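Below is one structure; the comments refer to it alone.
Numbering (our numbering), first residue to last: 87 to 575.
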């Protein structure tokens, strides 16, 4: 055989000696040339790795931005999780944790870190423990940040009542049951349970369905109704799996679940004054598709509740439905497109789309047009580019971030999260309940995510645990409850 030339690194095919590459002291190893520390949880650590670990040298964790190091589709960074995946969950600390200030994240195999070749682990699970050194920086505050950025906060007067500071505290409790709208199917009212409280917000869980469908709402949300509301107002209630129509009874259901009904006085929407309007269920109009704003379509008022209208696009499924009020800029009277010389999208599978006539269509369907006098034009919003706000991260709705208005339209705002790339910007309606004035989080007791992932304590030190792959398939959201964890940022 021919001699193999000498090499500074391991020869091809040689097994990587992880233990030998680390400097060990008191059970904690340091990787030379970096700030990475590895803690050996079991004496047989080196034997339980079924494939390999590669740790890229000369990475300075304190200088590289954390989002560059941990940029994965499973973290809380503004990269959307897989469709339908939950953004909630729980995790527990290791039983033998001995050092104070350590937090644990458990879950996914580490090959998800491929984009930066930071840690690659195959067929095993990883535990990340993050410690926070004493915070020598001054605490983050809005006044100091606005002065530093030479920016102004969006005036409170520009926000709607449901976006502004609430007049009362959030009195919902975990375990309370209620009825509410399904955000993905706005025409459906479902049985819900309060799964989590965060300041003035609640995480709502669909009874009988996985946590991946949970969603967040403000405590004064119009979409939340007390138990029995649907029956009283003639709306169908979508029952949990296993419950039969005609046999469901709230009292028995709560008793069997050992839960409790949310008291009626907690629902602010019940106290809303109703203004008479000319809208009636079944009336026709022209409406903008909010998921495709370039389309104006033939639509029907499917329901009228209080001052709200449920808009349904003729011959479309209910995932495109939405609720609005009479002043919504998304609804127009019959004939609007013809008058404005715009294209009207006719109902799907309509026999003669090119020769569509409202007069003929109303006659064919036996319906009537909503009166033009019922539509109330909305005044200009007043928001300006550069104003600072607090906004929910739609890719991880449990988080509210420091944000800037990057652009404006007649009735929409483009939200930019400070410290993040503009590729994560997105548009929202000016009356979106996920938009709040500066100081909303502090006043309501909700955590605020500062720019660049800053928090009251900055995390710099990484601990890596490698364990047998007995938990393979766990989802990223199991990390979310850990204090001082990067994935909560």
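Even glycine gets a Cβ: it sits at the ideal position worked out from N, Cα and C.
Please read all numbers here as calculations on a predicted model, not as lab measurements.
What span of residues does the beta strand (DSSP E) with residue i cover, start to end?
i, result
"residue 329", "Element bounds for residue 329: n/a, residue is neither H nor E."
"residue 116", "114-116"
"residue 515", "512-515"
"residue 409", "408-411"
"residue 110", "109-111"
"residue 489", "486-494"
"residue 395", "394-399"
"residue 375", "370-375"
Suppose the cutoff is 7 Å on Cβ atoms and the five residues either side in sequence are ignored; what does the same chain contact list for residue i look like?
i, result
"residue 250", "242, 523"
"residue 526", "251, 476"
"residue 432", "384, 439, 442"
"residue 532", "284, 285, 286, 287, 486"
"residue 416", "373, 374, 376, 410"
"residue 269", "301"
"residue 496", "415"
Identify, in the order they occur along the chain, each residue of the same chain with its Cβ nearer than 6 Å to the Cβ of residue i, setting aside the five sequence neighbours on each side.
i, result
"residue 390", "365, 367"
"residue 559", "The predicted position of residue 559 is uncertain, since its pLDDT is 40 and thus under 50; no value can be drawn from it."
"residue 530", "285, 286"
"residue 505", "537, 538"
"residue 282", "289"
"residue 511", "492, 500, 502"
"residue 467", "516"
"residue 455", "370, 420"
"residue 178", "With a pLDDT of only 37 at residue 178, under the threshold of 50, the placement of this residue in the model should not be trusted; the figure read from the coordinates follows. Same-chain partners within the cutoff: there are none."
Run through the DSSP bridge pairs and tell me what residue i is partnered with.
i, result
"residue 304", "287"
"residue 262", "346"
"residue 434", "Looking at the DSSP assignment, residue 434 forms no beta bridge with any residue, so it has no partner."
"residue 477", "487, 521"
"residue 267", "275"
"residue 249", "Note: residue 249 sits in no beta bridge, so no partner."
"residue 292", "278"
"residue 498", "515"
"residue 418", "372"
"residue 535", "487"
Go ahead and label residue i buried or exposed: buried means 16 or more other beta carbons lie within 10 angstroms of its beta carbon, across all protein chains shown.
i, result
"residue 110", "exposed"
"residue 447", "buried"
"residue 68", "With the chain covering 87 to 575 only, the question about residue 68 has no answer from this structure."
"residue 273", "buried"
"residue 207", "Confidence at residue 207 is low in this model, with a pLDDT of 39, below 50, so the placement of that residue should be treated as unreliable; the coordinate-derived value is given next. So residue 207 counts as buried."
"residue 408", "buried"
"residue 424", "exposed"
"residue 374", "buried"
"residue 508", "exposed"
"residue 335", "exposed"
"residue 342", "exposed"
"residue 360", "exposed"
"residue 278", "buried"
"residue 310", "buried"
Return helix, strand or coil for residue i, following the three-state DSSP convention.
i, result
"residue 338", "helix"
"residue 56", "Look at the range of the chain in this structure, 87 to 575, and you will see that residue 56 is not part of it."
"residue 504", "coil"
"residue 459", "helix"
"residue 423", "helix"
"residue 354", "helix"
"residue 242", "helix"
"residue 429", "coil"
"residue 361", "coil"
"residue 282", "strand"
"residue 232", "helix"
"residue 482", "coil"
"residue 322", "coil"
"residue 439", "helix"
"residue 404", "helix"
Need the endpoints of the alpha helix (DSSP H) that residue i sits in, please.
i, result
"residue 319", "315-319"
"residue 312", "Residue 312 -> no alpha helix (DSSP H), and no H or E assigned at all."
"residue 529", "526-530"
"residue 237", "Unbroken run through residue 237: none, as it is neither H nor E."
"residue 381", "Residue 381 -> not in any alpha helix (DSSP H); beta strand (DSSP E) instead, spanning 378-391."
"residue 444", "444-451"
For the ligand MN, is there any heavy atom lying closer than 6 Å to the beta carbon of residue i?
i, result
"residue 408", "Of ligands this structure carries none, so the ligand MN is not represented either."
Beta-carbon within less than 8 Å of residue i's beta-carbon, same chain only, minus the 5 sequence neighbours each way: which residues are those?
i, result
"residue 229", "none"
"residue 534", "476, 486, 487, 488, 527, 528"
"residue 316", "265, 275, 322, 323"
"residue 430", "372, 382, 383, 384, 423, 424, 442"
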